[in-house]
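Take a look at the structure below.
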Amino acid sequence: MAANTPMQISDITGTQGVRHGIGPGDLPVSVKRQGEGPTVLLVGGTHGDEYEGQIVVAQMVRRLDALDISGTLICLPRHNPGACLAGRRTDPADAGQDINRVYGRGSATGRAKLISDFVTDAILPRADWVIDLHSGGVSHEFVVSGNVQAAVGSDDDLTMRPYLHAFGAPFSLVFDGSDHSMPHTGTLEHHAKSFGAHAVSTELGGGGRVSAASMAAARDGVMRLLGAIGLMEGGAPPPSPGPLLEMSGERHTVTCAAAGVIEPVAQLGDAVTRGQTVARLHPDDLSAPVDLTAQCTGIFACIAATGRCDADMEGNTVIGYVCETITKGWPAR
Numbered sequence: 001m002a003a004n005t006p007m008q009i010s011d012i013t014g015t016q017g018v019r020h021g022i023g024p025g026d027l028p029v030s031v032k033r034q035g036e037g038p039t040v041l042l043v044g045g046t047h048g049d050e051y052e053g054q055i056v057v058a059q060m061v062r063r064l065d066a067l068d069i070s071g072t073l074i075c076l077p078r079h080n081p082g083a084c085l086a087g088r089r090t091d092p093a094d095a096g097q098d099i100n101r102v103y104g105r106g107s108a109t110g111r112a113k114l115i116s117d118f119v120t121d122a123i124l125p126r127a128d129w130v131i132d133l134h135s136g137g138v139s140h141e142f143v144v145s146g147n148v149q150a151a152v153g154s155d156d157d158l159t160m161r162p163y164l165h166a167f168g169a170p171f172s173l174v175f176d177g178s179d180h181s182m183p184h185t186g187t188l189e190h191h192a193k194s195f196g197a198h199a200v201s202t203e204l205g206g207g208g209r210v211s212a213a214s215m216a217a218a219r220d221g222v223m224r225l226l227g228a229i230g231l232m233e234g235g236a237p238p239p240s241p242g243p244l245l246e247m248s249g250e251r252h253t254v255t256c257a258a259a260g261v262i263e264p265v266a267q268l269g270d271a272v273t274r275g276q277t278v279a280r281l282h283p284d285d286l287s288a289p290v291d292l293t294a295q296c297t298g299i300f301a302c303i304a305a306t307g308r309c310d311a312d313m314e315g316n317t318v319i320g321y322v323c324e325t326i327t328k329g330w331p332a333r
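Using the UniProt record's numbering, the first residue of the sequence shown is number 1, and each one after it goes up by one.
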């Protein structure tokens with residue numbers, strides 16, 4: 001199949017072999033079916049300013065002919081093509097819709113609707129696993145992590161922990177949206193779970209750039225995870241697990257309430273205590289700097305990458321996250 005051939009549902013469910021095509025909304029889709037086994041959807045480029053996933057999934061597409069798998073691997077290297085080609089979080093020609101907030105909500109229009117409808121109708125009913133590779137984009141920088149969306153301590157959380165370990169990132173994150181504070185509704189990951197699929201995502205750094213460390217974590221982690229899932233032989237055994245973190249409510253946020261320049265004080269990945277200064281705001285009015293402190297004890301896991309806070313005194317702007325460490329049921333390094 002030529003790369004510019006329209007991709008149909010029959011190309012995903014049909015005979016064994018490799019197929020490349022274009023789905024609705026100019027969505028590049030590549031599929032390999034070989035033998036019996038799980039069906040895995042591997043996704044990059046959900047946000048166009050997050051680059052590791054785009055690179056890793058495109059590399060996987062180029063390897064499909066030689067790849068020895070047992071099952072079906074569906075690759076979307078540019079889940080949001082317009083955003084990827086523009087290097088922006090969202091597609092500027094598609095009303096700036098965030099494709100990772102429209103799944104299952106019926107709110108999408110234009111290209112976001114074409115793509116999300118195709119993924120929903122053609123792929124998710126057949127997927128056993130979804131791996132959606134994210135980073136912090138141009139706006140944030142995260143510790144390099146493998147992630148799941150689940151209530152901490154739930155069966156879903158505990159079931160997925162061995163797969164976070166297999167991914168083997170320096171950190172693992174449980175995004176607990178049980179209090180509705182995290183933006184789970186509308187995400188591909190959340191929507192996939194409504195079809196009964198298992199889902200893993202990542203935060204592979206950010207800041208609008210790619211690092212050697214983030215690429216190594218992404219490449220090696222995907223291969224190990226595909227092995228743990230049973231689609232193929234995995235890579236090297238995972239390293240000893242790093243900290244497992246919880247990101248959920250307001251207590252995990254670091255906020256500022258005035259416009260100015262942000263000076264990091266703590267390093268990403270540092271262990272910090274409640275009340276500790278992790279960043280400092282230098283206000284635009286040249287008044288004295290304001291310490292920005294952790295609201296809980298944990299790991300400094302994310303900071304705004306822009307260097308500025310444009311908040312005013314009407315409300316707080318989140319400029320980072322400190323995540324509590326989960327120790328129960330997680331092996332110590």
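Don't be surprised by glycine CBs; every beta carbon is placed ideally from N, CA and C.
All values derive from a computational prediction rather than experimental measurement.
Boundaries of the alpha helix (DSSP H) in which residue i is found, first to last residue
i	result
residue 118	110-118
residue 227	212-229
residue 191	188-194
residue 60	52-63
Residue i in three-state terms, based on DSSP
i	result
residue 163	helix
residue 76	strand
residue 134	coil
residue 304	strand
residue 1	Only weak support is given to the placement of residue 1: the predicted model assigns it a pLDDT of 43, under 50, and the value that follows is read from those uncertain coordinates. DSSP places residue 1 in coil when its eight states are reduced to three.
residue 32	strand
residue 176	coil
residue 271	strand
residue 11	helix
residue 6	strand
residue 68	coil
residue 140	strand
Span separating the alpha-carbon of residue i from that of residue j
i	j	result
residue 40	residue 326	28 Å
residue 158	residue 150	9 Å
residue 116	residue 166	29 Å
residue 275	residue 257	17 Å
residue 109	residue 188	16 Å
residue 88	residue 37	36 Å
residue 218	residue 208	16 Å
residue 83	residue 216	24 Å
residue 93	residue 185	24 Å
residue 306	residue 267	16 Å
Host beta strand (DSSP E) of residue i (start-end)
i	result
residue 199	198-203
residue 81	Premise fails: residue 81 lies in the alpha helix (DSSP H), 81-86, not in any beta strand (DSSP E).
residue 280	277-283
residue 320	317-326
residue 185	No beta strand (DSSP E) contains residue 185, which DSSP labels as neither H nor E.
residue 90	Note, residue 90: premise wrong, no beta strand (DSSP E); not H, not E.
residue 246	244-247
Cβ-based burial, residue i [other Cβ within 10 Å; buried from 16]
i	result
residue 169	buried
residue 20	buried
Any 3 or more C-beta pairs closer than 8 Å across the segment 256-265 and the segment 230-243
No: the two stretches stay apart, fewer than three of their Cβ pairs being nearer than 8 Å.
Can at least three beta-carbon pairs, one atom from the segment 198-205 and one from the segment 137-150, be found at a separation below 8 Å?
Contact holds: three or more Cβ-Cβ distances are below 8 Å.
Decide if the segment 72-79 is in contact with the segment 25-37; the criterion is three or more beta carbon pairs, one per stretch, under 8 Å apart.
With the rule of 3 Cβ pairs closer than 8 Å, the segment 72-79 counts as touching the segment 25-37.
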